[in-house]
Amino acid sequence: MSLPPLTILLAAPRGFCAGVVRAIDIVERALSLYGAPVYVRHEIVHNKFVVDDLRAKGAIFVVELDEITAGDRPVIFSANGVPKSVPAAAQARAMFQIDATCPLVTKVHMEALRHYEQGLHIILIGHKNHPEVIGTMGQLPNGAITLIETPAEAKALHVKDESKLAFVTQTTLSVDDTRDVIEAL
132 MSLPPLTILL AAPRGFCAGV VRAIDIVERA LSLYGAPVYV RHEIVHNKFV VDDLRAKGAI
192 FVVELDEITA GDRPVIFSAN GVPKSVPAAA QARAMFQIDA TCPLVTKVHM EALRHYEQGL
252 HIILIGHKNH PEVIGTMGQL PNGAITLIET PAEAKALHVK DESKLAFVTQ TTLSVDDTRD
312 VIEAL
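Under my numbering, think of the first position of the sequence shown as 132, with each following residue one higher.
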């Protein structure tokens with residue numbers, strides 16, 4: 132028995148967002164300008180093929196700065212962004228830093244800071260331990276941001292003053308991922 136012909140439809144457009152393309156380009160340009168190795172704190176993007184390709188070209192991916200030996204090699208911060216403590220630590224070690232944070236992530240950082248400076252408590256809708264969430268939470272003092280992952284957590288939230296709240300979201304979440312949490316807030 133033979134199967135009927137199969138038609139495969141390829142969705143378009145497909146690929147990476149502009150922030151990811153920018154981050155990959157930054158690593159490739161650093162390799163071109165400075166030669167291998169260049170260090171990248173955390174995987175530049177969540178894509179094994181891209182990371183393996185960059186690794187083959189001379190990028191060394193590290194989890195923390197203390198994995199990098201002293202020297203003049205660049206250290207690149209991933210598209211997910213980093214807490215303020217990371218560039219400060221790199222500066223204290225006189226490391227050559229290149230920031231490949233996605234501009235949309237930087238915008239979230241700036242909005243969170245703006246709201247904080249207006250006396251608001253920030254609710255961050257995102258996934259615990261995601262590098263972007265860690266980076267966003269690390270933009271403000273401890274306790275200034277509360278992470279909410281689910282509608283149930285939003286409904287159970289207790290704050291000092293409900294009139295002094297703002298929320299931001301992890302940029303890699305879709306509208307569908309955040310809709311129910313926002314409604315619960």
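Ideal Cβ placement from N, Cα and C applies to all residues, glycine included.
Status (buried if at least 16 other CB within 10 Å, exposed otherwise) for residue i
{"i": "V193", "result": "exposed"}
{"i": "L164", "result": "exposed"}
{"i": "R224", "result": "exposed"}
{"i": "F208", "result": "buried"}
{"i": "T232", "result": "buried"}
{"i": "F180", "result": "exposed"}
Continuous beta strand (DSSP E) stretch holding residue i: start and end
{"i": "R172", "result": "169-172"}
{"i": "I276", "result": "276-279"}
{"i": "A190", "result": "190-193"}
{"i": "D221", "result": "The amino acid occupying residue 221 in the given sequence is Ala; Asp does not appear at that position. Premise fails: A221 lies in the alpha helix (DSSP H), 216-223, not in any beta strand (DSSP E)."}
8 Å Cβ cutoff met for residue i and residue j
{"i": "V176", "j": "A201", "result": "no"}
{"i": "R227", "j": "P205", "result": "Checking the sequence shown, residue 227 turns out to be Phe, not Arg. Yes, these two residues count as a Cβ contact at 8 Å."}
{"i": "I256", "j": "L304", "result": "yes"}
{"i": "K259", "j": "L271", "result": "no"}
{"i": "T333", "j": "L235", "result": "Coverage of the chain is limited to positions 132 through 316, which leaves residue 333 absent and any answer about it impossible."}
{"i": "K188", "j": "A167", "result": "yes"}
{"i": "V151", "j": "V158", "result": "no"}
{"i": "V171", "j": "A142", "result": "no"}
{"i": "H246", "j": "N211", "result": "no"}
Beta-carbon contacts of residue i that lie in its chain and below 6 Å, excluding the five residues immediately before and after
{"i": "V213", "result": "G266"}
{"i": "M268", "result": "I276"}
{"i": "L323", "result": "Absent from the model: residue 323. The displayed extent of the chain is 132 to 316, so no value can be given."}
Cβ shell of residue i (< 8 Å), same chain only, five flanking positions each side left out
{"i": "A220", "result": "L196"}
{"i": "K295", "result": "G250, L251, H252"}
{"i": "P218", "result": "F208, Q228, D230"}
{"i": "L244", "result": "Q270, L271"}
Range of the contiguous alpha helix (DSSP H) that encloses residue i
{"i": "L162", "result": "149-165"}
{"i": "V299", "result": "It is not in any alpha helix (DSSP H) - V299 instead sits in the beta strand (DSSP E) that spans 296-300."}
{"i": "E263", "result": "262-268"}
Helix, strand or coil at residue i according to DSSP, with G and I counted as helix
{"i": "A231", "result": "coil"}
{"i": "H289", "result": "coil"}
{"i": "L255", "result": "strand"}
{"i": "P205", "result": "strand"}
{"i": "V306", "result": "helix"}
{"i": "L185", "result": "helix"}
{"i": "L244", "result": "helix"}
{"i": "V239", "result": "helix"}
Spatial neighbours of residue i in its chain, beta-carbon cut-off 7 Å, leaving aside the 5 residues before and after
{"i": "A315", "result": "P282, A285, K286"}
{"i": "L185", "result": "V158, I175"}
{"i": "K215", "result": "G269, Q270"}
{"i": "R310", "result": "none"}
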